[in-house]
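Q: Protein chains in written order, with the working numbering: chain A, 1 to 274; chain B, 1001 to 1115.
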């Protein structure tokens, strides 16, 4: 956006692609691309629902707003990805968010993990943000122009999420004995769910240049994590990976409760708006 | 909230509510936002943050979320020296009645062009 027409009353910044624009596209994604969009959209949607819990519960009012902003960014990404996925099956973003059952969600286990204390949430944010940044910064080169456009908007926002989590990792790790203890515990609880992010399921082979092969993100992710943990004087936790399977619709016990809360209003009052 | 000041007007007061250990509130920062290039930074409000870098990020989250700014300053509230409201008379009344301090007080001399 040019600075000349920037103003406090302008709601939609710049020329970023909005979900409403995606819904009007002439092109439909292939089934494989739509499934892939579901992966990324469900990660963002479930993470946003988890983060929303912090509103009014964060350590300070300022942090309430910071986490709420991050959640809203993620909802924005989810709306774009789900709208695009829905184009393949004549479904709206709401159809997909509110009227799918648990095994139809394609999110990874990491995003459904409990918030725990603030340090555990920061540990989860740290992993998600670094992963999403590596992913979106490559997805901008996708052969699918809609995925590339969604990624171009998302990568800038996720860059801020990355910074937010890193600032807190450094402060909690080097704050008091108690904050350091909690940061180490938070990373340990989060780490089993890292491996699943980089698993190449068969769908990846059908995407060609439209998607990003998850396993190729592992090295840059590890390097970025290592740099921050060294600065924070922390060790990467040595814990075995979890079973995973979120991309195949196999979830932990947490997701059912999350989508029950997410969907109850839309299912109780179909077509409700507010 | 679990204690601690969040309203921005009692930064030095220790939190008292709740059974947990009382902890010091984060210090108060004043936020200045520049809305576009060429304009000056304008005071937007205040916030709490543990240090300067976090204050800058909190300012981004609290005061630029509707596209208000292109640049931010944060200043520790304790670094701002304010005039005393009770000393308004000796501070601000003196210029009243001194119209000759305004250019418009003077009449243009004959023959002066381009004024």
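Virtual Cβ for every residue (Gly too), placed ideally from N, Cα, C.
So, at 7 Å on beta carbons, what are the nonlocal neighbours of residue 1111 of chain B in its own chain, with the 5 sequence-adjacent residues on each side left out?
A: Cβ within range, chain order: n/a, list empty.
Q: Does any residue of chain A bring its CB to less than 8 Å from the CB of residue 1057 of chain B?
A: Yes - at least one Cβ of chain A is within 8 Å of the one on residue 1057 of chain B.
Q: Mind reading off the beta-carbon distance from residue 111 of chain A to residue 50 of chain A? Whole number of angstroms is fine, and I expect it under 8 Å.
A: Residue 111 of chain A to residue 50 of chain A, Cβ: 7 Å. Contact.
Q: Considering only C-alpha positions, which residue in the set A:135, A:164, A:130, A:96 is nearest to residue 64 of chain A?
A: The shortest C-alpha separation from residue 64 of chain A is found at A:164.
Q: How far does the alpha helix (DSSP H) with residue 161 of chain A in it extend, from its first residue to its last?
A: From DSSP, the alpha helix (DSSP H) with residue 161 of chain A extends over 145 to 173.
Q: Between which residues of its own chain and residue 184 of chain A is the CB-CB distance below 7 Å, once the five residues before and five after are set aside?
A: Only 234 meet the Cβ criterion.
Q: Could you round the C-beta distance between residue 1075 of chain B and residue 1056 of chain B to whole angstroms and report it? I think they count as a contact, below 8 Å.
A: Between residue 1056 of chain B and residue 1075 of chain B the Cβ distance is about 11 Å, and since that is not below 8 Å, they are no contact.
Q: Whole-angstrom Cβ separation of residue 208 of chain A and residue 143 of chain A, contact assumed at under 8 Å?
A: Rounded, the Cβ-Cβ distance is 7 Å, consistent with contact.
Q: Residues in its own chain within less than 7 Å of residue 116 of chain A by CB, not counting five upstream and five downstream?
A: Result list for residue 116 of chain A: 186, 189, in chain order.
Q: On a CA-only basis, which of B:1032, B:1082, B:1042 is nearest residue 1058 of chain B? Give me that one, please.
A: Of the listed residues, the one whose Cα sits closest to residue 1058 of chain B is B:1032.
Q: Decide yes or no for the touch test of the stretch 219 to 231 of chain A against the stretch 40 to 58 of chain A: beta carbon pairs closer than 8 Å, at least 3 of them.
A: These segments do not touch.
Q: Grab me the residues of residue 1100 of chain B's own chain with a C-beta within less than 7 Å of its C-beta, minus the 5 sequence neighbours each way, in chain order.
A: Cβ neighbours of residue 1100 of chain B beyond the five flanking positions: none.
Q: Excluding sequence positions up to five away, which residues of its chain have a Cβ less than 7 Å from the Cβ of residue 79 of chain A?
A: Same-chain partners within the cutoff: 19, 93.
Q: Is the beta carbon of residue 249 of chain A less than 8 Å from the beta carbon of residue 106 of chain A?
A: Yes. Within cutoff.
Q: Does residue 129 of chain A come within less than 8 Å of chain B when only Cβ atoms are used?
A: It does not: the Cβ of residue 129 of chain A has no partner Cβ on chain B nearer than 8 Å.
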